[in-house]
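Asker: My questions all concern the structure below.
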Amino acid sequence: AHQPTVLRSLQVGAIKRLFDRFDATLRNAGYLPMSGQNLDAALVAAPRQRNTNAEKADLRAGRIPEDWQDKPEKLSHKDRHVRWTLKFTKAKRQDDGTIPATDLAIPFFGHKSHVSVDRKFRFIRKWKTTDAAASDGVRLREGLLDKTNMASTVWAEPFRLPSMHSIDGIMAEGDTAYRSKANEDFMEKQGFVSKVHRKKPHLKPMPRHIQKSNAGKSVIRSRVEHVFADQKSQTGLFIRTVGITRATMRIGLA
């Protein structure tokens, strides 16, 4: 009964050791992490599953549905670690030339890849895999920051509007903001300097000085956008494996 758990641990450990060896090779070649780091996340699609409402409720509560427990073959084909979320995208210009005021929210099912890239050489130095509904901002405090970077500055993508929606009976959290009091306090205590974009005040115009500050941060962000684009395009390949362990391995190899 313990063998699958041990095997999963070995698999995750193997991909992390492989990544550490690759990072050590980069460092030995002179590619030391410097000039600060950028954080970003990308959604990775997984096959949709046909589960009953009762099964969905059990999965959300972290339980294995009773009907699956005595059917190992069925259980092996069910991924209990993927979640629904909303993928926000800019609304397209209409035929009359107008652009809708609200962004489009597209249901998405799968995992999410979180990365930290050094600004100087644009290599991924830290990474983490979660379900698609996991908040980007919370991951910042879960080992995503690279403490070996020679500069203490941290950039992250602009704030995305928070929202709570129900999709197929599952609440999908859209708040992916990196800027929060918890994150700012965490970075300060860890010796990092936050360059995370500031959000627009609710129902108020953005102050001019914050606009200028965000614009300056965007210039830095734009220099490494292709790194994130490459990572997204590669992990954008459909994840056909079952479970967060195999998804972590697949994304780690991307």
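For the sequence shown, the residue numbers in the UniProt record's numbering are 1 to 254. Here a beta-carbon is modelled for each residue, glycine too, at the ideal position from N, C-alpha and C.
Can you find at least 3 beta carbon pairs, one from the region 59–79 and one from the region 125–140, that sit closer than 8 Å?
Answerer: The region 59–79 is not in contact with the region 125–140.
Asker: Identify which residue in ARG221, PHE192, THR85, THR25 has its Cα closest to the Cα of ALA105.
Answerer: Per the Cα distances, THR85.
Asker: For a quick check, are the C-beta atoms of ALA151 and ARG83 less than 8 Å apart?
Answerer: No, the pair does not count as a contact, with Cβ atoms beyond the cut-off.
Asker: Note the first and the last residue of the continuous beta strand (DSSP E) segment covering ALA42.
Answerer: Run containing ALA42: 37–45, per the beta strand (DSSP E) assignment.
Asker: Would you mind giving the Cβ-Cβ distance between VAL242 and ASP79, rounded to the nearest angstrom? I have them listed as a contact below 8 Å.
Answerer: Contact holds; Cβ gap of about 5 Å.
Asker: So does the region 43–54 actually touch the region 211–219, counting three or more Cβ pairs closer than 8 Å?
Answerer: Short answer: they don't touch.
Asker: Work out the CA separation of THR25 and ASN149 for me, nearest whole Å.
Answerer: Roughly 16 Å between the two C-alpha positions.
Asker: Consider the Cβ of ALA182: report whether some Cβ of chain B lies at a distance smaller than 8 Å.
Answerer: The displayed structure is made up of one protein chain only, and chain B is not part of it.
Asker: Count the other CB atoms within 10 Å of the CB of ASP185; is the residue buried (16 or more) or exposed (fewer)?
Answerer: It counts as exposed.
Asker: Please state if the CB of ARG179 and the CB of VAL196 are separated by a distance shorter than 8 Å.
Answerer: Contact: yes.
Asker: Give the secondary structure of LEU86 by DSSP, where H, G and I count as helix, E and B as strand, and everything else as coil.
Answerer: Strand at LEU86.
Asker: Could you compute how far the alpha carbon of THR245 sits from the alpha carbon of SER222?
Answerer: Their Cα atoms are separated by approximately 32 Å.
Asker: Compare the beta carbon distance of VAL117 and GLN37 with 8 Å and say whether it is the shorter of the two.
Answerer: It is a contact, given that the beta carbons lie within the stated cut-off.
Asker: Identify, in the order they occur along the chain, each residue of the same chain with its Cβ nearer than 7 Å to the Cβ of HIS81, setting aside the five sequence neighbours on each side.
Answerer: Excluding positions up to five away in sequence, the list reads ASP131, GLY243, ILE244.
Asker: Under a three-way DSSP split, which group does ALA133 fall into?
Answerer: Looking at ALA133 - three-state DSSP - the assignment turns out to be coil, as it is neither helix nor strand.
Asker: Mind checking THR248: buried by the 16 CB within 10 Å criterion, or exposed?
Answerer: With 16 or more Cβ atoms within 10 Å of its Cβ, THR248 is classed as buried.
Asker: Helix, strand or coil for GLY252, going by three-state DSSP, please let me know.
Answerer: Helix at GLY252.
Asker: Determine the direct distance from the alpha carbon of ASP96 to that of LEU144, and round the result to whole angstroms.
Answerer: Using only the alpha carbons, I get a separation of about 45 Å.
Asker: State the Cα-Cα distance for the pair ILE15 and ARG250, rounded to the nearest angstrom.
Answerer: Roughly 9 Å separates the two Cα atoms.
Asker: Suppose you measure from the CA of GLN183 to the CA of SER35; what does that come to, to the nearest Å?
Answerer: The sequence shown places Asn at residue 183, rather than the Gln named in the question. Computed Cα separation, rounded: 20 Å.
Asker: What is the rounded straight-line gap between the Cα of ASN51 and the Cα of LEU75?
Answerer: Going by the C-alpha atoms only, they are around 12 Å apart.
Asker: Please look up how many angstroms separate the CB atoms of PHE108 and LYS87, rounded, as I've assumed it's under 8 Å.
Answerer: With 8 Å as the limit, PHE108 and LYS87 qualify as a contact, their Cβ atoms being about 4 Å apart.
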